[in-house]
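Participant: Quick one: structure below, then a few questions.
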Amino acid sequence: MSKSFVFFIILLTVLKIFAAFSTNFSLFGDEAQYWLWSKKLDIGYLSKPPLISWMIMLHTFFFGDSFESLKLFPIFFYFFTAIAIYNFSQKLGLEKNVSVICTLTFLILPAVSLSSFLLSTDVILLFFWTISMGVLLDIRKNASTYNFFILGIVLGLAFLSKYAAVYFFICLFFILFFDNFLRKILFSNKIKFVLFLLVFIVVVSPNILWNSMNDWLTLDHTSKNANLKNININFFRGFEFLLIQIFMIGPILFIGFIMSIKKISYDFENIFLLSFSVPILVVVFTEGVVVRANANWAAVALVSLFVFFVRSLNYHKNLIILSNFMVNYVFGVVLF
Numbered sequence: 001m002s003k004s005f006v007f008f009i010i011l012l013t014v015l016k017i018f019a020a021f022s023t024n025f026s027l028f029g030d031e032a033q034y035w036l037w038s039k040k041l042d043i044g045y046l047s048k049p050p051l052i053s054w055m056i057m058l059h060t061f062f063f064g065d066s067f068e069s070l071k072l073f074p075i076f077f078y079f080f081t082a083i084a085i086y087n088f089s090q091k092l093g094l095e096k097n098v099s100v101i102c103t104l105t106f107l108i109l110p111a112v113s114l115s116s117f118l119l120s121t122d123v124i125l126l127f128f129w130t131i132s133m134g135v136l137l138d139i140r141k142n143a144s145t146y147n148f149f150i151l152g153i154v155l156g157l158a159f160l161s162k163y164a165a166v167y168f169f170i171c172l173f174f175i176l177f178f179d180n181f182l183r184k185i186l187f188s189n190k191i192k193f194v195l196f197l198l199v200f201i202v203v204v205s206p207n208i209l210w211n212s213m214n215d216w217l218t219l220d221h222t223s224k225n226a227n228l229k230n231i232n233i234n235f236f237r238g239f240e241f242l243l244i245q246i247f248m249i250g251p252i253l254f255i256g257f258i259m260s261i262k263k264i265s266y267d268f269e270n271i272f273l274l275s276f277s278v279p280i281l282v283v284v285f286t287e288g289v290v291v292r293a294n295a296n297w298a299a300v301a302l303v304s305l306f307v308f309f310v311r312s313l314n315y316h317k318n319l320i321i322l323s324n325f326m327v328n329y330v331f332g333v334v335l336f
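By the working numbering, the letter at position 287 of the sequence shown is numbered 287, and the numbering carries on one by one without gaps.
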């Protein structure tokens, strides 16, 4: 199954590249903005942290500024994220074949198919978010100074990708609440934990400095985007957001999870995955009910959520995985 998946993913990637060379579309508004930023590098911008502009600059230095080149950027990045998904799955204790399936399933998630044709901050954020979760698992096994140092760096880079990385601290609170073992490790390594926080602050400090010198423009823009001043309770918006998340992962995978829900064991691995998905979904769902919520505002939650779904499958596992791949694959083909 894995070999077949690889073959079809290669075909879909070729189709994506062909689509990039064939479309009459130009860059979308946000994409053009990020590209323009990359032509004048800074440590902060109006609506987003600066890392996407730095990455686009690096990409265009080697591959040029053509529309086709820019559309290849997210495709390249997602393959690195897929490797991070594999490493994360292995650190979580999944068997090698299941880790491979998680990796290949990630590459054809509808959310990935859609965003892999867009220059967006989510593409970079998912990469560093996944690595950050993996490093946290490393700390649970080996609370070395090196691991705490690396966590500070990668989480800082995630924050410089998009401020949604702040969800990591909320999720960390929940996993510490439920996992006594990890809580003991952090409490017994207070100095190393402080080192992690200091490294994180150092990494994000240039953007904080830029904001302080520019009337906190980015934070002000982010708060206005949340639009919390215009409260309008509507539960339909919240449930619409949840339905979109199910579609973004793949409805067949969700159905397989529902079929297996009674057999799910709430061991550390599943608690970890839920701690890094459910709190984020609850926050954005609440915002959707109160004001509004864009589909991608909970993008980081989908990483651990889809791994949780795959890990939870008990009934007709191969059939569900194959059917999910086929349905998501058809979506990708039709899209491109």
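Glycine included, every Cβ here is placed at the ideal spot set by N, Cα and C.
(1) Secondary structure at residue 267, three-state DSSP: helix, strand or coil?
(2) Assign residue 370 to one of three DSSP states: helix, strand, or coil.
(3) Check residue 214 in the structure and name its three-state DSSP category.
(4) So, helix, strand or coil for residue 189, using DSSP?
(5) Does any residue of chain B have a CB that is nearer than 7 Å to the CB of residue 316?
(6) Please report how far the alpha carbon of residue 250 lies from the alpha carbon of residue 277, in whole angstroms.
(7) Give every residue of the same chain whose Cβ lies closer than 7 Å to the Cβ of residue 247, excluding the five residues on either side of it in the sequence, and list them in chain order.
(8) Can you round the beta-carbon distance between residue 135 and residue 151 to whole angstroms, since I take them to be within the 8 Å contact cut?
(9) Grab me the residues of residue 163's own chain with a C-beta within less than 7 Å of its C-beta, minus the 5 sequence neighbours each way, in chain order.
(10) How would you write the range of the alpha helix (DSSP H) that residue 44 sits in, first residue to last?
(11) Thinking C-beta only, is residue 252 closer than 7 Å to residue 324?
(12) Nearest by alpha-carbon distance to residue 195: which of 131, 220, 244, 145 is it?
(13) If we count the other Cβ atoms within 10 Å of its Cβ and call it buried at 16 or more, is residue 287 buried or exposed?
(14) Buried or exposed: residue 306, going by 16 or more other Cβ atoms within 10 Å of its Cβ?
(15) Here's a check: name, in chain order, each residue in its chain whose Cβ is nearer than 6 Å to the Cβ of residue 148, leaving out the five neighbours to either side.
Facilitator: Short version:
(1) coil
(2) Only positions 1 to 336 of the chain appear in the structure, and residue 370 is not among them; the question remains open.
(3) coil
(4) coil
(5) Going by chain labels, chain B is absent from the structure shown, which holds only one protein chain.
(6) 16 Å
(7) 110
(8) 4 Å
(9) 49, 222
(10) That residue, residue 44, is in no alpha helix (DSSP H); it is neither H nor E in DSSP.
(11) yes
(12) 145
(13) buried
(14) buried
(15) 192, 195, 196
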